[in-house]
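The structure under discussion appears below in the form of structure tokens.
Numbering (UniProt numbering), first residue to last: 1 to 238.
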């Protein structure tokens, strides 16, 4: 049995046409980060923030999973619960590819968060018109997206999975945003083999055991093939 934790970032979805988190000009899809991705921004100008995420949610309808998402779903189909995918992405491309053992540590565009009752209902419509929460009826829904200064979801589960894994794989992430950026160091400290599949080497403070540069749509299927081939070979030896 080989337990694998995969961390995915913006790079895995970029090939599907989902804009990466931050451009070379420091802007997030033309906006300053502090204007659309902080609780203070929401308090200061909720309409701008809601319109920004409404547009991003609608844009999801125009993109589809790529070969990297599909390969991870194929791996889960083969090894089941021995694979956990942790994504920093708020899109739903992993789900649409077929992944089910999945943690969205930064929330999901296709969910809302009710500030009145704390529920996180599935949500596909715009929020700017202040619709009512389906659970409590209050009109206090915001995007269920973790903003700067907020705590990511399920950190305890993620950390426990990383230290108990045999292999930790980072795909399409810069290695610059914490706490996710610290997982390679955590994995290394517990003797977990670490692999990076990225367009270019990340800024991770601790080197990966195996670092491969290239497109996620090419690297991830090839790596999955290697894992499944080794698994079959091991089964035959037994």
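Beta carbons: idealized from backbone N, C-alpha and C, even for Gly. Every value quoted in this text rests on a predicted model; they were computed, and no experiment measured them.
Applying the criterion that 16 or more other CB atoms from any shown protein chain within 10 Å of the CB defines a buried residue, is residue i buried or exposed?
i           : result
residue 25  : Residue placement at residue 25 cannot be trusted, given a pLDDT of 45 that sits under 50; what the coordinates show is reported in the next sentence. By the 10 Å Cβ count, residue 25 comes out exposed.
residue 97  : buried
residue 92  : buried
residue 230 : exposed
residue 286 : In the structure as shown, the chain begins at 1 and stops at 238. Residue 286 is therefore absent and cannot be evaluated.
residue 100 : exposed
residue 62  : exposed
Less than 8 Å separating the beta-carbons of residue i and residue j?
i           : j           : result
residue 166 : residue 3   : yes
residue 127 : residue 115 : no
residue 75  : residue 84  : no
residue 122 : residue 110 : yes
residue 42  : residue 145 : no
residue 6   : residue 161 : no
residue 175 : residue 202 : yes
How would you write the range of the beta strand (DSSP E) that residue i sits in, first residue to last?
i           : result
residue 212 : 210-213
residue 143 : 141-145
At what residues does the alpha helix (DSSP H) containing residue i begin and finish?
i         : result
residue 4 : Taken as a continuous stretch (DSSP letters only), residue 4 belongs to no alpha helix (DSSP H), being part of the beta strand (DSSP E) at 4-8.
Could you tell me the distance, in whole angstroms, from the CA atom of residue i to the CA atom of residue j?
i           : j           : result
residue 185 : residue 192 : 10 Å
residue 81  : residue 14  : 27 Å
residue 88  : residue 117 : 25 Å
residue 31  : residue 90  : 17 Å
Ordered list of alpha helix (DSSP H) runs contained in the stretch 134-182, each at least 4 residues: 155-164
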